[in-house]
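Enquirer:
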Amino acid sequence: MTTAQTGTANLVQVLQFYDSLFVTYPFHEEKYGHAQFGWGGGMEHQTMSYVSSFGWGLLTHELAHQWFGDMVTCGSWEDIWLNEGFATYLEGISRERFPSQVQTQWYDWKAGKISSIVSQPGGSVLVDDTTSVNRIFSSRLSYNKGSYLLHMLRWKLGGDAFFGGLRNYLNDRQYDYARTTSLQSHLEATSGQDLDEYFEDWFRGQGFPSYKVVWEQSSQGDVYIQLNQTTSMPSSVDFFEMPVPILLIGADNDTIVRLEHTPKRRAVQLELAI
Ligand SMILES: [Zn+2]
């Protein structure tokens, strides 16, 4: 009883946070509650999540499913990441938003997801065997890599286009089913970016890139950066086109430059005063 009261005490502010990012809690006329059950983990029953315990990660994950899973449900097991990748990511950004409430901080949480994702070279977020329960609910692919697809889209598109696209997606598909193509088209509409290549590489494709940076600085202060990548499954994806942030530390200022990494070798010249 005490554990439940303590654990849920701060969840109202998370609900308000999700409200502010997306749309009003979809079942606000019916309230929201928890039922404790003896299985492991949780189950996001609409308006009444079943939970085995009352930790931050589980509660924020199941709450997120009220939007992503219950209000809008994946249209195929192939697209289970539309439920689980989102719920995992919202747990992450609730850590980013409320650092004083959590033990595992946002940075460490992200590092944990990455180490899970890269623990094997292959595997796609698209579920390629919908007859296997273990494959559908793969924590590495559907949950963790799915959440990272969203985090990378937020970086690639910018927060305004990313969250604006998600609001349009929820409003468009509310109380209905959705496929990944629907999410893609809403994010393309708000950002003006063509995301075919992104979803081909990251959703249908397998693996991940590893980067190598070579740099030198001339006596005049010019900095030359060469960025190279190899991929973990070249037979599936031989190059991931992604904007890559590079932190330059100067005597007076630091700055992050964004390199649009493309397969063709090309030179980019930037004038920076740091
Ligand atoms: Zn879930």
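With this note's numbering, letter number 92 in the sequence shown gets 90, and the count goes up by one each step, no holes. The C-beta atom is built at its ideal place from N, Cα and C for all residues, glycine as well. All of these numbers come straight from a predicted model, not from anything done at the bench.
(1) In its own chain, which residues sit with a C-beta less than 6 angstroms from the C-beta of Asp199, not counting the 5 before and 5 after it?
(2) Provide the residue(s) that pair with Glu258 in DSSP beta bridges, ordered along the chain.
(3) Is the segment 72 to 79 close to the segment 111 to 129, with three or more CB pairs under 8 angstroms?
(4) Using alpha carbons as the reference points, say which of Leu155, Tyr209 and Ile112 lies closest to Thr188.
(5) Answer yes if the segment 240 to 251 comes into contact with the segment 142 to 159, meaning at least three C-beta pairs across the two stretches below 8 angstroms, and no otherwise.
(6) Hey, would you say Thr178 sits closer than 8 angstroms to Phe161, going by beta carbons?
(7) State the beta-bridge partners of Asn32 as determined by DSSP.
(8) Quick one: Cα of Glu28 to Cα of Thr45, how far?
(9) With H, G and I counted as helix, E and B as strand and the rest as coil, what does DSSP make of Tyr273?
(10) Could you tell me how far apart the beta carbons of Val70 and Leu57 are, in whole angstroms, since I believe they sit closer than 8 angstroms?
(11) With a threshold of 7 angstroms (Cβ to nearest heavy atom), would Asn278 be considered close to ligand 1?
(12) Are at least three pairs of beta-carbons, each pair with one atom in the segment 129 to 147 and one in the segment 78 to 87, less than 8 angstroms apart?
(13) When the Cα of Ser51 is compared with those of Tyr30, His43, Ala62 and Phe35, which residue comes out closest?
(14) Is Gly121 closer than 8 angstroms to Gln204 when the C-beta atoms are compared?
(15) Alpha carbon to alpha carbon, how far is His259 from Pro232?
(16) Could you tell me if Gly190 is buried or exposed, where buried requires 16 or more neighbouring beta carbons within 10 angstroms of its beta carbon?
(17) Mind checking Lys111: buried by the 16 CB within 10 Å criterion, or exposed?
(18) Give me the Cα-Cα distance between Glu214 and Arg256, rounded to the nearest whole angstrom.
(19) For Leu181, which residues of its own chain have a beta-carbon under 6 angstroms away from its beta-carbon, when the five flanking residues on both sides are left out?
(20) My assumption, with CB atoms under 8 angstroms, is that His184 sits in contact with Asp170. Please give the rounded CB distance.
(21) Return the first residue and the last residue of the alpha helix (DSSP H) that Thr4 is part of.
(22) Say yes only if the C-beta of Glu42 is nearer than 7 angstroms to one or more non-hydrogen atoms of ligand 1, and no if none qualify.
(23) Spell out the partners DSSP gives Gly40 in its beta bridges.
(24) Give the straight-line distance between the Cα atoms of Tyr30 and Leu80, rounded to the nearest whole angstrom.
(25) Return yes when the Cβ of Leu9 is within less than 8 angstroms of the Cβ of Tyr23, no when it is not.
Expert: Checking against the coordinates, here is how it stands:
(1) Taking the sequence shown and counting its residues from 1, the one referred to as residue 199 is at position 201. Apart from sequence neighbours up to five positions away, the residues of its chain that approach Asp199 with a beta-carbon distance below 6 angstroms are Val235 and Phe238, ordered along the chain.
(2) Numbered from 1 along the sequence shown, position 260 holds the residue referred to as residue 258. Here Glu258 is bridged, per DSSP, to Pro241.
(3) The segment 72 to 79, when compared against the segment 111 to 129, does touch it at the 8 angstroms Cβ threshold.
(4) The residue given as residue 188 occupies position 190 in the sequence shown. The residue among Leu155, Tyr209 and Ile112 with its C-alpha nearest the C-alpha of Thr188 is Leu155.
(5) Verdict: yes, contact present.
(6) Stepping through the sequence shown from its first residue, residue 178 is reached at position 180. Stepping through the sequence shown from its first residue, residue 161 is reached at position 163. When the beta-carbon positions are compared, Thr178 and Phe161 stay at least 8 angstroms from each other.
(7) To locate residue 32, count along the sequence shown from 1; it is residue 34. Before going further, note that residue 32 is His rather than Asn in the sequence given. Within the DSSP bridge table, the entry for His32 names Ser47 as partners.
(8) Within the sequence shown, residue 28 is the residue found at index 30, counting from 1. Within the sequence shown, residue 45 is the residue found at index 47, counting from 1. Cα to Cα, the separation comes out at about 7 angstroms.
(9) The structure shown does not extend to residue 273, since the chain spans only -1 to 272, so no value can be given for it.
(10) Sequence index remark: in the sequence shown, residue 70 carries index 72 (1-based). Sequence index remark: in the sequence shown, residue 57 carries index 59 (1-based). Val70 to Leu57, Cβ: 20 angstroms. No contact.
(11) Residue 278 lies beyond the stretch modelled for the chain, which goes from -1 to 272, so this question has no answer here.
(12) Contact holds: three or more Cβ-Cβ distances are below 8 angstroms.
(13) By one-based count along the sequence shown, residue 51 stands at place 53. Looking at the Cα atoms, Phe35 is the closest of the given residues.
(14) On the sequence shown, residue 204 is found 206 positions in, with the first residue counted as 1. On the sequence shown, residue 121 is found 123 positions in, with the first residue counted as 1. With contacts defined by Cβ atoms closer than 8 angstroms, Gln204 and Gly121 form a contacting pair.
(15) Reading the sequence shown from its first residue, position 261 is the one you call residue 259. Reading the sequence shown from its first residue, position 234 is the one you call residue 232. Each residue's alpha carbon lies about 17 angstroms from the other.
(16) Walking along the sequence shown from the start, residue 190 turns up at place 192. Its Cβ having fewer than 16 others within 10 Å, Gly190 is exposed.
(17) The sequence position of residue 111 within the sequence shown is 113, counting from 1. It is buried - the Cβ of Lys111 has at least 16 other Cβ atoms within 10 Å.
(18) The residue you call residue 214 lines up with position 216 of the sequence shown. The residue you call residue 256 lines up with position 258 of the sequence shown. Cα to Cα, Glu214 sits roughly 18 angstroms from Arg256.
(19) As a first step, residue 181 must be located in the sequence shown, where it is residue number 183. For Leu181, where only same-chain residues beyond five positions count, the Cβ hits under 6 angstroms are Tyr167.
(20) On the sequence shown, position 186 is the one that residue 184 refers to. On the sequence shown, position 172 is the one that residue 170 refers to. The beta carbons of His184 and Asp170 sit about 7 angstroms from each other, so the pair counts as a contact at 8 angstroms.
(21) Reading the sequence shown from its first residue, position 6 is the one you call residue 4. Residues Thr0 to Thr6.
(22) Mapped onto the sequence shown, residue 42 falls at position 44. Because some heavy atom of ligand 1 lies under 7 angstroms away, the Cβ of Glu42 counts as near it: yes.
(23) Start at 1 with the first residue of the sequence shown, and residue 40 comes out as number 42. Bridge partners of Gly40: Val49.
(24) For the purposes of this step, residue 30 is taken as residue 32 along the sequence shown, with counting starting at 1. For the purposes of this step, residue 80 is taken as residue 82 along the sequence shown, with counting starting at 1. Spanning the two alpha carbons is a distance of roughly 22 angstroms.
(25) Here residue 23 refers to the residue found at position 25 when the sequence shown is read from its first residue. Here residue 9 refers to the residue found at position 11 when the sequence shown is read from its first residue. Going by C-beta atoms, Tyr23 is not nearer than 8 angstroms to Leu9.
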